[in-house]
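A.B. asks: Each residue of the sequence shown is one higher than the last, beginning at 7 in our numbering. Cβ atoms here follow ideal geometry from the backbone N, Cα and C, with glycine treated the same way. Quick one: the structure is below, and I'll ask about it shortly.
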Amino acid sequence: MTAVVAAAAASPTRSPGRDRAVDLVRVFCVIGVVVLHAIMVGVTVTGSGPSFVNASDGTAWIVPVSWALQVMPLFFIVGGFAGATAFRRSRARGGAAARFVAGRVHRLLLPAAVTVGVAGALLGLLAAAGIPADLVALAGFRFAQPLWFLGVFLVCQALLPALLRCHERAPLRTLGVLALLAGAVDVVRLATGIDGIGFLNLAFVWLTLQQVGFFLADGRIDALSRRSRAGAAAAAVALLAVSFASGLHSPDLVANINPPTTALLLVGVVHVALFSLVRAPLERLAARPGPARLVDFATPRAMTVYLWHMPVLLALAGLSAAASMLAGMPLPEVNGAGWWVSRPLWLALALAATAAVAVPLSRIEARPAPAGTSSTTRVAVAVTTGTAGVALLLVVGTSPVTAVAAVTAFAVALRLARTPLPHPRPGSHSLAAPALA
């Protein structure tokens, strides 16, 4: 393994450019997230009313499903690839790191502000309509769960320019330090039994995987022999099997995300090695008309899909319960034969509804970023403020009150990330032009 990594570090840098295979994989990742969350939705109606449960709780089927659909390691690797490519282009044009991060703040937090604001308003309407408080609170909790990605990805992208410079100076050392820190957190968590310590890996695990994306962007992974890449994937699978058998990590890869564990680093090695091995056929597939249309549709809407898929799933679950009660027809028992027979239709409906919602709402994501500030301090405060807004929703839960607070935090972050408007000079009569620019 040391020889493999050393060979990757010594390989020449890959020239930056748009990579259709990477775009196609990113689309598969987004679809995988929607499918994973959709298959977990369980709805029942009893004499006391509707009940919404996580259908995967206590089941055996979530283990193989999580192996197929736990795409977050690959998501962050692809994010590192795309971020490194974009920042290098910006840097070549003379762009400042702070402005690059300011653009990321805009791209992530503007659509998030709209989504959270709408969700808060809808939760308020549900409460006003007399929906039981526990169901409203559950909907707010479920809505907030996927938002961890927003906060973590924002921090990773904010640190990307600095970590990319470290990578360019000392690629192996930087990757090794991050991986060792992630491992140390796991060791301390397991030794003390305090799961809360594991949340430090919200930084170290995902930053390590983003760093792997830099190697992919350099072309260093693709430059390895096929035997080396296949061997790395096989070794990572073997280590995962040992960790599962020994009880070090849960075989449910969804469980390994909360808090993140080093099992995800091994999954990331498998992902990046397999991607590299099949990259050429993926590029050919991505060039075909059907996949190309899918990529062209989903790529500019990826964040919109991620932010809105959970509200769509919650709405579909609520409509299913309402239709069942109105028609007097029972819903299939969760995890029963009838429930599994209905899953393909349910998943198709979830994907179609999410895509339909994403079409008009992606205009928000597509809005051009205003001129970003070149102040590192302003950008740092913006990222901290935006992350705090996400953390509030995750820790306290989403409600009309917390939604207002989070949207306010996002608005402050967006304002900080913009270039400040110039103050008029004493005696100046120019009023409208600076404000409208």
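In whole angstroms, what is the alpha-carbon distance linking A244 and R232?
C.D. replies: Taking the straight line from one Cα to the other gives about 18 Å.
A.B. asks: In chain order, which continuous runs of the alpha helix (DSSP H) of length 4 or greater are located wholly inside the stretch 341-424?
C.D. replies: Fully enclosed alpha helix (DSSP H) runs of 4 or longer: 343-371, 382-402 and 406-423.
A.B. asks: Kindly list the residues whose CB is nearer than 8 Å to the CB of L215, restricted to its own chain and excluding five residues on each side of it in sequence; keep chain order.
C.D. replies: Contacts found: P79, F82, I83, G86, L270, L271 and G274.
A.B. asks: Along the chain, where does the alpha helix (DSSP H) that runs through S62 open and close?
C.D. replies: Neither: S62 is in no alpha helix (DSSP H) and is coded neither H nor E.
A.B. asks: Are the CB atoms of V301 and L30 within a distance shorter than 9 Å?
C.D. replies: Yes, the pair counts as a contact, with Cβ atoms nearer than the cut-off.
A.B. asks: Quick one: what's T121 bridged to in DSSP?
C.D. replies: Answer is none; T121 lacks a bridge partner.
A.B. asks: Are the CB atoms of P406 and L144 within a distance shorter than 9 Å?
C.D. replies: Going by C-beta atoms, L144 is not nearer than 9 Å to P406.
A.B. asks: Check whether the Cβ atoms of L115 and A397 lie closer than 9 Å to each other.
C.D. replies: No. Outside cutoff.
A.B. asks: Between the alpha carbons of P426 and A103, how many angstroms are there, rounded?
C.D. replies: For P426 and A103, the distance between alpha carbons rounds to 17 Å.
A.B. asks: Taking the alpha carbon of D228 as the point to measure from, which residue in L399, G182, G202 and F281 has its own alpha carbon closest?
C.D. replies: Of L399, G182, G202 and F281, the residue nearest in Cα terms is F281.
A.B. asks: Hey, could you find the ends of the alpha helix (DSSP H) G38 is sitting in?
C.D. replies: Start and end: R26 to I45.
A.B. asks: Please work out which residues of its chain come closer than 7 Å, Cβ to Cβ, to F149, disregarding the five sequence neighbours upstream and downstream, and give them in chain order.
C.D. replies: If we look at F149 and ignore the five residues flanking it on each side, its Cβ neighbours are A125, M316, P317, L320 and T404.
A.B. asks: Residues bridged to I137 by DSSP?
C.D. replies: In DSSP, I137 forms no bridge with anything.
A.B. asks: So P265 and F205 are supposed to be a Cβ contact under 8 Å. How far apart are they, rounded?
C.D. replies: 5 Å between Cβ atoms; contact.
A.B. asks: Give every residue of the same chain whose Cβ lies closer than 8 Å to the Cβ of A139, excluding the five residues on either side of it in the sequence, and list them in chain order.
C.D. replies: So the list reads A133, once near-sequence residues are dropped.
A.B. asks: Can you determine whether any heavy atom of the ligand ZN sits closer than 8 Å to the C-beta of A279, and answer yes or no?
C.D. replies: For the ligand ZN, the structure offers nothing, since it holds no ligand at all.
A.B. asks: State the Cα-Cα distance for the pair V385 and A108, rounded to the nearest angstrom.
C.D. replies: Those two C-alpha atoms are separated by around 6 Å.
A.B. asks: In this structure, what does DSSP give as the bridge partners for V51?
C.D. replies: P56.
A.B. asks: Between I137 and A329, what straight-line distance do the alpha-carbon atoms span, to the nearest angstrom?
C.D. replies: About 16 Å.
A.B. asks: Just grab the DSSP bridge partners of P338 for me.
C.D. replies: In the DSSP output, where bridge partners are listed per residue, P338 has none listed.
A.B. asks: Counting pairs of beta carbons, one from the stretch 50-65 and one from the stretch 324-344, are three or more of them closer than 8 Å?
C.D. replies: The answer is yes - the stretch 324-344 touches the stretch 50-65, with three or more Cβ pairs under 8 Å.
A.B. asks: When the Cβ atoms of the stretch 25-39 are set against those of the stretch 69-78, are three or more pairs found closer than 8 Å?
C.D. replies: With the cut-off at 8 Å, the stretch 25-39 and the stretch 69-78 touch.
A.B. asks: Less than 9 Å between the beta carbons of A209 and V161, yes or no?
C.D. replies: Their beta carbons are under 9 Å apart, which means A209 touches V161 by this criterion.
A.B. asks: Spatial neighbours of M46 within its chain, please: C-beta separation below 7 Å, excluding the five flanking residues on both sides.
C.D. replies: Excluding positions up to five away in sequence, the list reads N60, A61 and S62.
A.B. asks: Between P257 and L165, what straight-line distance do the alpha-carbon atoms span, to the nearest angstrom?
C.D. replies: One C-alpha to the other measures close to 31 Å.
A.B. asks: Select from A304, G100 and L153 the residue whose C-alpha is nearest the C-alpha of A364.
C.D. replies: Ranking the options by Cα distance to A364, first place goes to A304.
A.B. asks: For A127 and A292, which I take to be in contact (beta-carbon distance under 8 Å), what is that distance rounded to the nearest angstrom?
C.D. replies: With a Cβ gap of about 39 Å, A127 and A292 do not count as contacting.
A.B. asks: Between A415, L422 and V402, which lies nearest to F147 when the distance is taken from Cα to Cα?
C.D. replies: F147 has its Cα closest to that of V402, out of A415, L422 and V402.
A.B. asks: Pull up the DSSP beta-bridge partners for P266, would you.
C.D. replies: DSSP, once it has assigned bridges, lists I263 as partnering P266.
A.B. asks: Please determine, among R294, A388 and A135, the residue with the shortest C-alpha to C-alpha distance to G157.
C.D. replies: Comparing Cα positions, the closest option is A388.
A.B. asks: Rounded to a whole number of angstroms, what is the C-alpha to C-alpha distance between E174 and V183?
C.D. replies: The straight-line gap from Cα to Cα measures roughly 15 Å.
A.B. asks: Quick check on the DSSP output: the alpha helix (DSSP H) that includes A292 runs from which residue to which?
C.D. replies: R285 to A292 is the extent of the alpha helix (DSSP H) around A292.
A.B. asks: Quick check: D399 and L153, are their CB atoms within less than 9 Å of each other?
C.D. replies: Going by the sequence as given, residue 399 is Leu instead of Asp. Taking 9 Å as the Cβ cut-off, L399 and L153 qualify as a contacting pair.
A.B. asks: Go to H173, then tell me how far its alpha helix (DSSP H) extends in each direction, as first and last residue.
C.D. replies: Where H173 is concerned, the enclosing alpha helix (DSSP H) stretches over W154 to R175.
A.B. asks: Skipping 5 residues on each side, what residues in its chain have a beta carbon closer than 6 Å to that of A90?
C.D. replies: For A90, where only same-chain residues beyond five positions count, the Cβ hits under 6 Å are L170, F220 and A223.
A.B. asks: Which residue comes first and which comes last in the alpha helix (DSSP H) that contains G89?
C.D. replies: Residues M78 to A98.
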